[in-house]
Amino acid sequence: MPRAEMARFAPESMVREGYYFGVPPLVLGGVGFLLHWYVAAAALMFLTLFIFSFFRDPERVIPTESGTVVSPGDGRVVVVTEEENEGRPGKRVSIFLAVWNVHVNRSPAAGTIARIDYRPGKFLAAMREQASVENEQNVFTLSTDAGELVFKQIAGLIARRVVSWKKQGERVARGERIGLVRFGSRVDLWVPKEAEILVRVGENVKGGSSVLARWPAKPAAGKLDGRNEAETDPNLTATGKRL
345 MPRAEMARFA PESMVREGYY FGVPPLVLGG VGFLLHWYVA AAALMFLTLF
395 IFSFFRDPER VIPTESGTVV SPGDGRVVVV TEEENEGRPG KRVSIFLAVW
445 NVHVNRSPAA GTIARIDYRP GKFLAAMREQ ASVENEQNVF TLSTDAGELV
495 FKQIAGLIAR RVVSWKKQGE RVARGERIGL VRFGSRVDLW VPKEAEILVR
545 VGENVKGGSS VLARWPAKPA AGKLDGRNEA ETDPNLTATG KRL
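Residue numbers (the numbering used here): 345 to 587.
This is how it looks when you write it as structure tokens:
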């Protein structure tokens with residue numbers, strides 16, 4: 345059975361990192377029960393369940409409508425503001441990911457990764473406004489049929505590791521998995537001023553499926569036989585690509 349079809353029947357999956365972090369406390373918890381160290385064993389089992397939940401990687405239905413820009417992560421919208429990026433006027437949407445949110449990040453649009461900049465920094469609480477600038481982060485510049493947009497993976501107070509699964513020059517589909525941030529974090533999306541922001545502060549969004557903005561492609565670009573790129577990518581399923 346093809347993997348995409350198996351996903352319809354399989355329970356919610358988990359990224360590989362979940363096994364690396366979750367199996368050791370699971371084994372230690374089992375040993376604790378055998379030795380009758382019940383309190384310690386129970387604590388280790390609880391930790392294991394938390395880790396497996398944190399690294400879950402659910403499938404998502406990716407919007408195929410032309411010009412849609414989806415959320416790069418799960419969480420709550422904490423900032424919607426006008427902001428310049430390298431002298432270009434635009435708008436920024438910031439999303440806070442709590443520890444109980446899914447932490448797999450996704451590409452907000454289809455295009456080519458023009459640049460990935462890793463920026464070392466602080467580990468301020470991800471809710472704070474300064475986190476967008478001062479915290480450790482991966483900054484993706486994505487070249488799309490409409491132009492360039494920017495999105496960030498930002499570490500938080502607990503999250504101390506931003507992980508990218510992509511490289512500069514790779515093509516990505518809208519909603520494709522691109523990496524994760526461990527244990528609480530923030531994601532930012534910047535789009536040019538002509539894009540229409542469709543979310544407000546306080547809204548809860550889901551990575552890959554919630555539409556944050558509408559930004560149509562430039563005339564006579566990004567179309568193949570009347571269909572947009574997201575619809576014609578042979579590797580894109582209704583739930584997005586999986587590594």
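All C-beta atoms in this analysis are idealised placements derived from N, C-alpha and C, irrespective of residue type, glycine included.
Scanning its chain for C-beta atoms nearer than 6 Å, with the 5 sequence neighbours on each side dropped, one finds around T456 the residues S487 and R515, in chain order. Every unbroken stretch of the alpha helix (DSSP H) spanning 4 or more residues and falling wholly within the stretch 353 to 429 is given here in chain order: 360 to 378 and 382 to 398. By a beta-carbon distance limit of 8 Å, Q512 does not contact V506. Their separation comes to about 16 Å.
Per DSSP, reduced to three states, the secondary structure at S553 is coil, with no helix or strand assignment.
In this chain, the beta strand (DSSP E) harbouring A499 covers G491 to A499. The beta carbon of S397 sits closer than 8 Å to those of W444, all from its chain and outside the five residues before and after it, given in chain order. Residues of the same chain with a CB within less than 7 Å of the CB of L391, apart from the 5 flanking positions on each side, are P369 in chain order. Of S554, S553, L542 and K537, the smallest CA-CA separation from G431 is found for K537. The beta-bridge partner set that DSSP reports for R459 consists of T485. The continuous beta strand (DSSP E) containing V535 extends over residues S529 to P536. For E428, the closest alpha carbon among the candidates S554, L533, A557 and P560 is that of L533. Linking Y364 to W509 through their CA atoms gives a straight-line distance of about 17 Å. Counted as a single uninterrupted DSSP element, the beta strand (DSSP E) harbouring G434 occupies residues G434 to L441. One thing to note: V424 has its Cβ within 8 Å of the Cβ of I541.
Looking from the CA of T408, the closest CA among Q481, R518 and R530 belongs to R518.
If you check the CB distance, R459 and E480 do not come in under 8 Å. By the neighbour-count definition (other C-beta atoms within 10 Å, threshold 16), H380 is an exposed residue. I541 is bridged by DSSP to A557. In this structure, P452 places its C-beta atom within 8 Å of the C-beta atom of F495. Shown here, S476 sits in a helix according to DSSP, grouped into three states. For V446, the three-state secondary structure derived from DSSP is coil.
Judged by DSSP in its simplified three-state form, R521 adopts strand. Counting only the Cα atoms, V421 lies some 7 Å from R544. Annotation: the continuous beta strand (DSSP E) that includes S508 extends over V506 to S508.
With a cutoff of 8 Å on beta-carbon distance, G434 and V535 are scored as near each other. Rounded to the nearest whole angstrom, the CA to CA distance from V555 to N449 is 14 Å.
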